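Here is the structure we will look at, set down as structure tokens.
Chains as they are written, first to last, in full-length UniProt numbering: chain D, 1 to 210; chain V, 1 to 210.
Structure below.
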């Protein structure tokens with residue numbers, strides 16, 4: 001059984017069962033292999049979930065690295081667009097809900113917290129790097145890249161958390177906040193004459209298999 | 001037993017045990033009354049927690065209403081300052097961690113979700129009302145109050161969630177993001193010559209018993 005198959009099974013099982021009540025059996029049920037084979041590769045459910053988070057983050061890093069040849073305005077819009085949920089994204093909402101459960105265990109579980117810290121570091125350094133490149137190439141004004149990145153990441157995370165926990169009543173929360181972040185956070189740091197690519201066009205192009 | 005005493009006991013028990021593993025006995029242990037007396041007032045743990053959330057929100061509403069005679073710049077800084085955790089706030093972090101666990105149950109529990117929706121509505125309408133008043137009195141530029149409020153609330157929520165889940169490694173996350181939100185979201189909407197009150201002064205004055 002390849003790692004990819006196992007990770008696919010974890011992903012599916014998390015969407016269906018959430019984090020707190022997930023069992024190794026649930027994960028085995030999503031693959032063609034047995035629970036004992038899973039245990040052969042991963043001692044505990046925690047080992048498997050930590051490996052899953054690690055895999056997820058490495059994927060994200062790789063995807064971001066592939067795209068770093070393009071203009072910083074495009075990369076920044078894509079960075080924020082990745083957070084948008086559309087009304088059709090119910091599978092992604094389930095997934096992020098399971099992640100949220102896992103996140104609330106951060107303070108009690110060192111290995112999960114290490115992955116959360118790595119995730120935070122990757123997100124913030126990706127945004128800061130895009131902003132720095134934009135400043136260097138004259139499209140963004142001289143803001144503090146690290147602090148602006150922290151602001152953006154917090155904003156996008158908050159929008160996502162609110163959308164997934166509030167359910168259908170707020171199915172456009174991330175979309176609204178992403179639009180406002182582009183208007184009210186990114187807009188004011190654009191040098192004169194610089195324009196951002198259209199959010200809908202970026203969303204249509206986006207490969208969001210997370 | 002007054003409602004206040006019960007709610008105080010729920011608050012304390014949530015901080016100590018978190019949400020998922022909380023029992024009626026844990027709550028009773030925090031008060032001077034018995035578990036059976038708690039059950040006399042509240043059939044289930046869920047009933048009690050829903051009443052607790054309801055109480056919390058009513059308190060917040062009341063506190064906000066008391067302060068609505070002051071200048072909108074002051075009220076807006078206070079609104080965002082309420083989200084800041086200082087390194088001494090470990091009790092509040094525990095409390096918000098328990099709330100986060102509860103929030104991840106939103107999609108599966110109608111009564112919890114109703115309280116979350118009410119909370120979202122109160123936060124966003126409070127911010128929108130302050131912004132509208134600021135526009136009307138000429139201190140803020142003509143932004144969309146509802147969308148700006150959604151942006152601010154998402155930002156503050158995201159900063160808080162990140163700080164509490166990442167633990168001590170990020171004990172100044174909310175502080176950094178609140179400062180940046182004032183600089184990069186509120187700053188650009190101030191009319192010329194208008195200044196915001198100092199965040200530290202507002203923090204020192206703040207009555208944050210939530």
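We treat Cβ as the ideally placed atom computed from N, Cα and C, and that holds for glycine.
Computed from a predicted structure; not experimentally measured.
Cα-Cα separation between residue 49 (chain V) and residue 157 (chain D), rounded to whole angstroms: To locate residue 49 (chain V), count along the second chain from 1; it is residue 49. To locate residue 157 (chain D), count along the first chain from 1; it is residue 157. In a straight line, the C-alpha of residue 49 (chain V) is about 26 Å away from that of residue 157 (chain D).
Contact with chain V by residue 12 (chain D), beta-carbon distance below 9 Å: In the first chain, counting from the first residue as 1, residue 12 (chain D) sits at position 12. Chain V contact via Cβ: absent.
Those residues which DSSP pairs with residue 108 (chain D) across a bridge: Taking the first residue of the first chain as position 1, residue 108 (chain D) is located at position 108. DSSP lists no partner for residue 108 (chain D).
Any 3 or more C-beta pairs closer than 8 Å across the region 173–182 of chain D and the region 108–128 of chain D: no
Contact belief for residue 153 (chain V) with residue 190 (chain V) at Cβ below 8 Å, rounded distance in angstroms: Locating residue 153 (chain V) in the second chain gives position 153, where the first residue counts as 1. Locating residue 190 (chain V) in the second chain gives position 190, where the first residue counts as 1. Residue 153 (chain V) to residue 190 (chain V), Cβ: 19 Å. No contact.
Beta-ladder partner(s) of residue 190 (chain D), from DSSP: The count along the first chain starts at 1 and reaches residue 190 (chain D) at position 190. Answer is D:140, bridged to residue 190 (chain D).
Buried versus exposed, by CB contacts within 10 Å (16 or more), residue 214 (chain V): The question about residue 214 (chain V) has no answer, for chain V in this structure spans 1 to 210.
Other residues of its chain near residue 83 (chain V): CB distance less than 7 Å, five sequence neighbours each side excluded: Here residue 83 (chain V) is taken as the residue at index 83 of the second chain, counted from 1. Result list for residue 83 (chain V): 156, 159, 160, 174, 178, in chain order.
Test: residue 173 (chain D) CB closer than 9 Å to a CB of chain V: On the first chain, residue 173 (chain D) is found 173 positions in, with the first residue counted as 1. It does: the Cβ of residue 173 (chain D) has a partner Cβ on chain V nearer than 9 Å.
Candidates V:183, V:35, V:123: closest to residue 62 (chain V) by CA position: Counting from 1 along the second chain, the entry for residue 62 (chain V) is found at position 62. Comparing Cα-Cα distances from residue 62 (chain V) to each of V:183, V:35, V:123, the minimum goes to V:123.
Distance between residue 197 (chain D) and residue 205 (chain D) (C-alpha atoms, nearest Å): Against the first chain, residue 205 (chain D) aligns to sequence position 205. Against the first chain, residue 197 (chain D) aligns to sequence position 197. Looking at the two C-alpha atoms, the distance is approximately 12 Å.
Local conformation of residue 197 (chain D) per DSSP, three classes: Taking the first chain and counting its residues from 1, one reaches residue 197 (chain D) at position 197. Residue state, collapsed to three classes: coil.
Residue 29 (chain V) versus residue 39 (chain V): straight-line alpha-carbon distance, rounded: Start at 1 with the first residue of the second chain, and residue 29 (chain V) comes out as number 29. Start at 1 with the first residue of the second chain, and residue 39 (chain V) comes out as number 39. C-alpha separation (whole angstroms): 14 Å.
Three-way DSSP call (helix, strand, coil) for residue 87 (chain V) in this model: If you number the second chain from 1, residue 87 (chain V) lands on position 87. Residue 87 (chain V) falls in the coil class under three-state DSSP.
Alpha-carbon to alpha-carbon, residue 91 (chain D) and residue 209 (chain V): As a position in the second chain, residue 209 (chain V) is number 209, starting the count at 1. As a position in the first chain, residue 91 (chain D) is number 91, starting the count at 1. With a pLDDT of only 49 at residue 209 (chain V), under the threshold of 50, the placement of this residue in the model should not be trusted; the figure read from the coordinates follows. Cα-Cα distance, rounded: 38 Å.
Burial state of residue 187 (chain V), where buried means 16 or more other Cβ atoms lie within 10 Å: Here residue 187 (chain V) refers to the residue found at position 187 when the second chain is read from its first residue. Exposed, since its Cβ has fewer than 16 Cβ neighbours within 10 Å.
Residues from the region 173–198 of chain V in contact with chain D, defined by Cβ distance under 9 Å: 173, 174, 176, 177, 179, 180, 181, 183, 184, 185, 187, 188, 189
Test: residue 164 (chain V) CB closer than 9 Å to a CB of chain D: Position 164 of the second chain, counting from 1, holds the residue named residue 164 (chain V). For residue 164 (chain V), the answer is yes, since a Cβ of chain D falls inside 9 Å of its Cβ.
Cutoff 9 Å: residue 203 (chain D) Cβ touching any chain V Cβ: Here residue 203 (chain D) refers to the residue found at position 203 when the first chain is read from its first residue. Output row for residue 203 (chain D): interface = no.
Contact set between residue 90 (chain D) and chain V, taken where Cβ atoms lie within less than 7 Å: For the purposes of this step, residue 90 (chain D) is taken as residue 90 along the first chain, with counting starting at 1. None at all; the shortest Cβ gap to chain V is about 10 Å.
Residues of its chain near residue 81 (chain D), where Cβ-Cβ distance is below 8 Å and the 5 sequence neighbours each way are ignored: Translated into positions along the first chain, residue 81 (chain D) becomes position 81. Within the same chain, residue 81 (chain D) has close Cβ partners 178, 199, 202, 203, 206.
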